[in-house]
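One structure below.
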Amino acid sequence: MCHQPTASKNMSSQTTNATSVFSQLNVFGHKKVVYCNDEATGLKAIIAIHDTTLGPALGGTRMWPYKTEQDALKDVLRLSRSMTYKAAITGLNLGGGSAVIIGDSRRDKTEALLRMYGKFIKNLNGEFITAEDLGTNTRDMEYIRMETQHVTGIPESIGGSGDPTPVAARGVYMGIKGCLKELYGNDNLAGKSVAVQGTGHVGENLVKLLRDENAKVYISDIDEERLGRVAKKYGAQAVAHNSIFDLDVDIYAPCALGATINTETISKLKCSIIAGSANNQLEDEQIHGSLLLEKGILYAPDYVISAGGLINCYSEIAGFSKKRTMHLTENIYDAIRNVLKLSKAENISTIEAANKIAEKRIADIKKIKTSY
Ligand code: NAD
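Those letters in the sequence shown? Residues 404 to 775, by this note's numbering.
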């Protein structure tokens, strides 16, 4: 679930003028922000709970050396809000939350700091459940687990759901198929060309699924050794990482960093579908969502297509079998198709359509129950 923190343009522009923490919470209707401070362990963390209409807020804990506390707050507010939307559109009974620990994960992370952080989560009595993110890993989740049960993404060996990346990749694969169905009337991948940017945990699993169905796959990665290994293993064609946007392919699958879809890359892209796992793919939701609509490129909104990791966490809490987890993940096919249909019917960008669907589910469920 990791990517470098980049404040979304929409969020940052709307929070720049906000003068207090309360006014920043009002921008997107955040419910609660908890500042965790412990001098003895050096813990400085912020937990943001955006919405709990659908269930307890679930989201990753990111550890990053933010330059300012304001940067950390912006990141956690943006991340927690997107978790609300991701859970809502995926049909999960989860709210949206997130946390950031201010510090360098290679230098400042200790067992004591993580366990103290776990105590703060415990004090929230289940309103917030966490998982790993950039700068944290399954080992860290084990430390947090020593203080609170409200943590997921722990190793299979101690009763967790284990590696979420095959599930995340399966979701992306189903999302790609949903896009193909909308565009061509069938979801066959055989003979289609796909450019996968990033052959890390999710990317490699995706390449395998695509090659199993005889898609022509181009791959790029800044890690040359990894690139060569994945190309050889699955019969994919390696390309230089700076030439990925020049390829004449049917599908571009961003599986590396965020913000790769911007004015410059959109002018180069020749694909008819963008569908990948990376978080925050659009540099600016409104501007680039609309540009893609104008250009006739189907964009599978990142938070919809990349929900496999969250589904994996949800299954861990709910005690679902692997089979049920995969079944839930396959629903991403229909979720994407619903988004594309609404976008077409109302001539709005796919990200706008996804937001509408997510907001409608939250509003509908609000009618039948009070907050968690
Ligand atoms: P990862 O770190 O394992 O892989 C990322 C890969 O991208 C690495 O191999 C890296 O070398 C490569 N890369 C970095 N910059 C690049 C560039 N400019 N061009 C080409 N390759 C580049 O990460 P991951 O777990 O596979 O996740 C990939 C993306 O999917 C991230 O944005 C992540 O937030 C998102 N995501 C992950 C999960 C999950 O379960 N891991 C779930 C949902 C979304």
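Here a beta-carbon is modelled for each residue, glycine too, at the ideal position from N, C-alpha and C.
Proximity of the beta carbon of Asn-665 to ligand 1 is not indicated: no heavy atom of the ligand is located closer than 7 Å. Beyond the five residues adjoining it in sequence on each side, Thr-728 comes within less than 7 Å, by CB distance, of Val-570, Ile-714, Asn-715 and Ser-718 in the same chain, given in chain order.
Distance check between Glu-559 and each of Ser-623, Arg-573, Met-544 and Asn-741 places Met-544 closest, using alpha-carbon atoms only. Annotation: the continuous alpha helix (DSSP H) that includes Leu-713 extends over 711–721. For Asp-543, the three-state secondary structure derived from DSSP is helix. Going by beta carbons, Ala-618 and Ala-593 fall inside the 8 Å limit.
In the pairwise beta carbon analysis, the segment 439–448 is classified as touching the segment 492–506: at least three pairs are separated by under 8 Å.
At least one heavy atom of ligand 1 sits closer than 7 Å to the Cβ of Val-605. With a cutoff of 7 Å, Gly-661 counts as near ligand 1, since its C-beta is closer than that to a heavy atom of the ligand. When DSSP states are grouped into helix, strand and coil, Ser-564 belongs to the coil group. The beta carbons of Thr-663 and Pro-657 sit about 5 Å from each other, so the pair counts as a contact at 8 Å.
In the DSSP annotation of this structure, the continuous segment of the beta strand (DSSP E) that includes Thr-533 starts and ends at 531–535. Closest in alpha carbon position to Ile-625, among Ile-647, Lys-636 and Leu-613, is Ile-647. A straight-line Cα-Cα distance of about 10 Å links Tyr-736 and Glu-585. Remark: C-beta atoms of Val-707 and Ala-681 do not approach each other more closely than 8 Å. In the DSSP annotation of this structure, the continuous segment of the beta strand (DSSP E) that includes Gly-499 starts and ends at 498–505. Segment contact: the segment 529–548 against the segment 694–709, fewer than three CB-CB distances shorter than 8 Å; contact not assigned.
In the structure shown, Asp-454 adopts extended strand secondary structure according to DSSP, grouped into three states. The C-beta distance from Pro-459 to Glu-514 rounds to 25 Å, too long to fall under 8 Å, and the pair is not in contact.
Judged by DSSP secondary structure, Met-486 falls within the alpha helix (DSSP H) whose first and last residues are 472–493.
Rounded to whole angstroms, the separation of the alpha carbons of Tyr-576 and Leu-609 is 7 Å. For Lys-671, the enclosing alpha helix (DSSP H) has its first and last residue at 666–671. Relative to the non-hydrogen atoms of ligand 1, the Cβ of Asn-540 never comes closer than 7 Å to any of them. Bridge partners of Thr-464 according to DSSP: Ala-502 and Glu-535. Collapsing the DSSP output to three states places Lys-525 in a helix. Closer than 7 Å to some heavy atom of ligand 1: that describes the Cβ of Gln-600. The beta-bridge partner set that DSSP reports for Ile-625 is empty. For the pair Gly-606 and Tyr-637, the Cα-to-Cα distance works out to about 12 Å. For Lys-595, there is no enclosing alpha helix (DSSP H), as DSSP marks it with neither H nor E. Taking 7 Å as the cut-off, the C-beta of Pro-567 counts as close to a heavy atom of ligand 1. Annotation for Ile-708: the continuous alpha helix (DSSP H) segment containing it runs 705–708. In the three-state DSSP reduction, Tyr-655 falls in the strand class (E or B).
A Cβ-Cβ separation of about 13 Å leaves Ile-760 out of contact with Asn-734 under the 8 Å criterion.
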